[in-house]
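So the structure is just underneath, and the comments pick up after that.
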Amino acid sequence: MPIILIPIVIFALYRFEKWLFGNFWDKGLMARLVFVEEAVNEGDKAHLQEVITNRNFLPLHILQVSFQTDKGLEFSDGTNSSVSDRVNVTDVFSLGLYEKITRRLELDCRKRGYYSILKTSLKASDLFSPDIRYNTFEQHTNLYVYPAPLSVSKTEVPFRQLMGDVLSKRFLYEDNFTFRGIRDYSRTDPQNMVNWKATAKTGDLKVNLHDHTSSQEVKFILNVDEPGILFERELLEDCIRLTMSLAGRFISENVPVSLLTNGRDKVTGENISLMAGASALHMVSVKRALTRIDLEKTTPNSMAEIVEREVANVDIENTTFCYISTTRGDDSLKAAGLLAQKAGKLLWLCPLTKDMKKECPADSKIDFKVVIHE
Numbered sequence: 479m480p481i482i483l484i485p486i487v488i489f490a491l492y493r494f495e496k497w498l499f500g501n502f503w504d505k506g507l508m509a510r511l512v513f514v515e516e517a518v519n520e521g522d523k524a525h526l527q528e529v530i531t532n533r534n535f536l537p538l539h540i541l542q543v544s545f546q547t548d549k550g551l552e553f554s555d556g557t558n559s560s561v562s563d564r565v566n567v568t569d570v571f572s573l574g575l576y577e578k579i580t581r582r583l584e585l586d587c588r589k590r591g592y593y594s595i596l597k598t599s600l601k602a603s604d605l606f607s608p609d610i611r612y613n614t615f616e617q618h619t620n621l622y623v624y625p626a627p628l629s630v631s632k633t634e635v636p637f638r639q640l641m642g643d644v645l646s647k648r649f650l651y652e653d654n655f656t657f658r659g660i661r662d663y664s665r666t667d668p669q670n671m672v673n674w675k676a677t678a679k680t681g682d683l684k685v686n687l688h689d690h691t692s693s694q695e696v697k698f699i700l701n702v703d704e705p706g707i708l709f710e711r712e713l714l715e716d717c718i719r720l721t722m723s724l725a726g727r728f729i730s731e732n733v734p735v736s737l738l739t740n741g742r743d744k745v746t747g748e749n750i751s752l753m754a755g756a757s758a759l760h761m762v763s764v765k766r767a768l769t770r771i772d773l774e775k776t777t778p779n780s781m782a783e784i785v786e787r788e789v790a791n792v793d794i795e796n797t798t799f800c801y802i803s804t805t806r807g808d809d810s811l812k813a814a815g816l817l818a819q820k821a822g823k824l825l826w827l828c829p830l831t832k833d834m835k836k837e838c839p840a841d842s843k844i845d846f847k848v849v850i851h852e
């Protein structure tokens with residue numbers, strides 16, 4: 479080959495390689511991000527799995543994978559991440575032809591929240607060209623970071639007080655369609671309770687035992703309004719943690735709980751409200767609802783307006799209220815007053831720091847208890 483043709487051939491090969499890479503670099507390229515855990519508690523570890531697949535005859539020597547999520551997750555394994563209004567993460571891969579790489583990133587879940595990754599951006603560089611190619615892939619992976627449960631010592635006193643109210647108001651009745659066992663007859667037992675088959679078998683009068691059912695519930699009213707200009711955001715988080723911890727204790731005792739809050743759902747943007755329930759699945763619903771409260775979103779309605787509207791038709795004979803709020807402003811006091819008037823009395827749990835004033839509401843129907851933030 480004449481020497482003069484060598485530069486022409488090299489230039490032609492360069493142009494061909496540039497065209498080939500530009501048109502085919504992302505053919506068969508896939509990026510999939512998945513949170514390994516569906517839900518963890520605040521302060522726990524979680525993991526994010528990255529799966530990058532190159533089903534292509536072209537190698538990708540330098541591939542940058544970037545994504546964003548909300549603040550509150552910290553990548554603990556040296557991943558290249560930066561924090562502004564969101565967490566920005568960039569990971570670098572080098573893939574050969576027809577190669578798949580899987581990485582598992584460890585996360586420190588520092589804050590309660592509902593975290594989503596909705597998009598992945600890919601940036602590829604060609605070794606023989608300064609050109610950079612871009613592509614994006616949609617992602618649909620979510621992680622619930624539940625509020626950290628409070629210690630039993632923090633919830634024991636309010637739990638016992640509320641449980642006492644539940645037991646004193648509980649309307650118990652026997653359900654004739656459930657059978658629990660047999661016992662000896664006593665003179666106060668009605669004749670229709672006698673089990674004649676068991677009586678004939680033993681020679682002594684026996685009566686049936688039936689299970690009891692109850693319609694009593696505990697309704698948590700959670701106010702997440704800010705108490706002032708300068709305050710610790712953790713006080714609002716304590717309100718959420720306290721609600722979840724108490725709800726868990728009542729559900730473990732098979733006492734139905736419901737939830738009403740002026741906090742807005744991060745996904746739907748609506749105020750959160752849950753009907754009563756006492757199952758394990760209902761507890762998951764409570765945790766998820768509290769996790770998705772977005773403290774950055776303000777509600778157009780005041781707490782007092784929400785209480786007045788939502789509590790008007792509550793069956794007070796079978797409902798015990800628990801009001802949880804760190805703010806003691808006029809609207810919060812009005813909401814508490816409406817609840818106390820409706821129920822005859824009210825337990826108000828108020829998370830505060832040690833140096834904050836412990837001023838109690840003047841309403842004698844309100845039992846005001848401070849929960850110190852630590």
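Just so you know, we're using this note's numbering here: the sequence shown kicks off at 479 and counts up by one.
Quick reminder that beta carbons are idealized off the backbone N, C-alpha and C, glycines included.
#1: Going by CA-CA distance only, name the one from Leu507, Val696, Arg638 and Leu830 that's closest to isoleucine 794.
#2: Can you give the beta carbon distance from leucine 824 to alanine 814, rounded, assuming they're within the 8 Å contact cut?
#3: What residue range does the alpha helix (DSSP H) around proline 829 cover?
#4: Buried or exposed: where does asparagine 732 fall if 16 or more other Cβ atoms within 10 Å of its Cβ makes it buried?
#5: Nearest to phenylalanine 499 by alpha carbon, out of His539, Met508, Glu515 and Pro480?
#6: Cutting at 7 Å between CB atoms, please list the residues of its own chain near leucine 752, excluding the five before and the five after it.
#7: Could you compute how far the alpha carbon of alanine 554 sits from the alpha carbon of glycine 659?
#8: Among residues of its own chain, excluding the 5 on either side of aspartate 504, which ones have a beta-carbon nearer than 6 Å to its beta-carbon?
#9: Do glutamate 786 and leucine 811 have their C-beta atoms closer together than 8 Å?
#10: What is the rounded straight-line gap between the Cα of proline 734 and the Cα of leucine 645?
#11: Tell me which residue opens and which closes the beta strand (DSSP E) that serine 629 is part of.
#12: So, is arginine 727 buried or exposed, given that buried needs 16 or more other C-beta atoms within 10 angstroms?
#13: According to the neighbour-count rule (16 or more other Cβ atoms, all chains shown, within 10 Å of its Cβ), is glutamine 819 buried or exposed?
#14: Relative to the C-alpha of cysteine 717, which candidate in Ser631, Val543, Phe571 and Ile699 has its C-alpha closest?
#15: Given that a residue counts as buried once 16 or more other Cβ atoms are within 10 Å of its Cβ, and exposed if not, what is glutamine 694?
#16: Excluding sequence positions up to five away, which residues of its chain have a Cβ less than 7 Å from the Cβ of methionine 781?
#17: Among the residues of its own chain, which have a CB less than 7 Å from the CB of isoleucine 850, if the five just before and after it don't count?
#18: Tell me where the beta strand (DSSP E) around methionine 761 begins and ends.
#19: So what does serine 594 bridge to, in DSSP terms?
#20: Under 6 Å Cβ to Cβ from lysine 589, same chain only, skipping five residues before and after it: list those, please.
#21: Between which two residues does the alpha helix (DSSP H) carrying glycine 726 extend?
#22: If you scan the region 780-842 from start to end, which runs of the beta strand (DSSP E) of 3 or more residues do you find wholly inside it?
#23: From the DSSP output, in three-state form, read off leucine 773 for me.
#24: Whole angstroms is fine: what's the gap from valine 529's alpha carbon to proline 537's?
#25: Going by DSSP, name the residue or residues bridged to asparagine 613.
#26: Are the region 618-634 and the region 560-573 touching, with three or more C-beta to C-beta distances below 8 Å?
#27: Hey, would you say asparagine 749 sits closer than 8 Å to isoleucine 784, going by beta carbons?
#28: Going by the CB atoms, is the gap between lysine 597 and glutamate 616 shorter than 8 Å?
#29: How big is the Cα-Cα spacing for methionine 508 and lysine 601?
#30: Residues in its own chain within less than 8 Å of alanine 682 by CB, not counting five upstream and five downstream?
#31: Is the Cβ-Cβ distance between threonine 568 and serine 544 less than 8 Å?
#32: Assuming threonine 531 is part of the beta strand (DSSP E), what are its boundary residues?
A quick look at the data gives this:
#1: Position 316 of the sequence shown, counted from the first residue, corresponds to residue 794. Here the closest residue by C-alpha is Val696.
#2: Working through the sequence shown from its first residue, we reach residue 824 at position 346. Working through the sequence shown from its first residue, we reach residue 814 at position 336. Right, the Cβ-Cβ distance comes to about 6 Å (below 8 Å), so this counts as a contact.
#3: Stepping through the sequence shown from its first residue, residue 829 is reached at position 351. For proline 829, there is no enclosing alpha helix (DSSP H); the enclosing beta strand (DSSP E) covers residues 824-830.
#4: Against the sequence shown, residue 732 aligns to sequence position 254. The residue is exposed, with fewer than 16 neighbouring Cβ atoms inside 10 Å.
#5: The count along the sequence shown starts at 1 and reaches residue 499 at position 21. The shortest C-alpha to C-alpha distance from phenylalanine 499 to any of His539, Met508, Glu515 and Pro480 is the one to His539.
#6: Walking along the sequence shown from the start, residue 752 turns up at place 274. Exclusion of the five residues before and after leucine 752 leaves Ser736, Leu737, Ser763, Val764 and Ala767 as the residues of its chain whose Cβ lies within less than 7 Å of its Cβ.
#7: As a working mapping, residue 554 is identified with position 76 in the sequence shown. As a working mapping, residue 659 is identified with position 181 in the sequence shown. The sequence given here has serine at residue 554, not alanine. Near 56 Å, if we compare the C-alpha coordinates of glycine 659 and serine 554.
#8: Reading the sequence shown from its first residue, position 26 is the one you call residue 504. For aspartate 504, where only same-chain residues beyond five positions count, the Cβ hits under 6 Å are Asn613.
#9: Position 308 of the sequence shown holds residue 786. Position 333 of the sequence shown holds residue 811. It is not a contact, given that the beta carbons lie outside the stated cut-off.
#10: Stepping through the sequence shown from its first residue, residue 734 is reached at position 256. Stepping through the sequence shown from its first residue, residue 645 is reached at position 167. Whole-angstrom Cα-Cα distance: 13 Å.
#11: Locating residue 629 in the sequence shown gives position 151, counting from the first residue. Taken as a continuous stretch (DSSP letters only), serine 629 belongs to no beta strand (DSSP E), as it is neither H nor E.
#12: For the purposes of this step, residue 727 is identified with residue 249 of the sequence shown, where counting begins at 1. Buried, since its Cβ has 16 or more Cβ neighbours within 10 Å.
#13: As a working note, residue 819 is residue 341 in the sequence shown. With fewer than 16 Cβ atoms within 10 Å of its Cβ, glutamine 819 is classed as exposed.
#14: On the sequence shown, residue 717 is found 239 positions in, with the first residue counted as 1. Nearest C-alpha to cysteine 717: Ile699.
#15: Along the sequence shown, one-based indexing puts residue 694 at 216. Glutamine 694 is buried by the Cβ-count criterion.
#16: Translated into positions along the sequence shown, residue 781 becomes position 303. Asn701, Asp703, Asn740, Asp809, Ser810 and Ala813.
#17: Counted from its first residue, the sequence shown places residue 850 at position 372. Closer than 7 Å at Cβ, skipping near neighbours: Leu830 and Lys832.
#18: Reading the sequence shown from its first residue, position 283 is the one you call residue 761. Careful: methionine 761 lies outside any beta strand (DSSP E), inside the alpha helix (DSSP H) at 758-769.
#19: What you label residue 594 is simply residue 116 of the sequence shown in a count that begins at 1. In the DSSP output, where bridge partners are listed per residue, serine 594 has Asn620.
#20: In the sequence shown, the residue the question calls residue 589 occupies position 111. Closer than 6 Å at Cβ, skipping near neighbours: Gly550.
#21: Taking the first residue of the sequence shown as position 1, residue 726 is located at position 248. Its alpha helix (DSSP H) spans residues 711-730.
#22: 797-803 and 824-830
#23: Residue mapping note: residue 773 aligns to position 295 of the sequence shown, counting from 1. Looking at leucine 773 - three-state DSSP - the assignment turns out to be coil, as it is neither helix nor strand.
#24: On the sequence shown, position 51 is the one that residue 529 refers to. On the sequence shown, position 59 is the one that residue 537 refers to. Valine 529 and proline 537: Cα-Cα distance of roughly 16 Å.
#25: Taking the first residue of the sequence shown as 1, we reach residue 613 at position 135. DSSP, once it has assigned bridges, lists Leu600 as partnering asparagine 613.
#26: no
#27: On the sequence shown, position 271 is the one that residue 749 refers to. On the sequence shown, position 306 is the one that residue 784 refers to. Contact flag set, yes.
#28: For the purposes of this step, residue 616 is identified with residue 138 of the sequence shown, where counting begins at 1. For the purposes of this step, residue 597 is identified with residue 119 of the sequence shown, where counting begins at 1. Result yes, Cβ atoms of glutamate 616 and lysine 597 sit closer than 8 Å.
#29: In the sequence shown, counting from the first residue as 1, residue 508 sits at position 30. In the sequence shown, counting from the first residue as 1, residue 601 sits at position 123. C-alpha separation (whole angstroms): 13 Å.
#30: As a first step, residue 682 is located in the sequence shown; it is residue number 204 there, counting from the start. The sequence shown places aspartate at residue 682, rather than the alanine named in the question. Answer for aspartate 682: Asp662 and Tyr663, listed in chain order.
#31: Residue 568 sits at position 90 when you count from the first residue of the sequence shown. Residue 544 sits at position 66 when you count from the first residue of the sequence shown. Their beta carbons are under 8 Å apart, which means threonine 568 touches serine 544 by this criterion.
#32: Translated into positions along the sequence shown, residue 531 becomes position 53. That run of the beta strand (DSSP E) goes 523-532.
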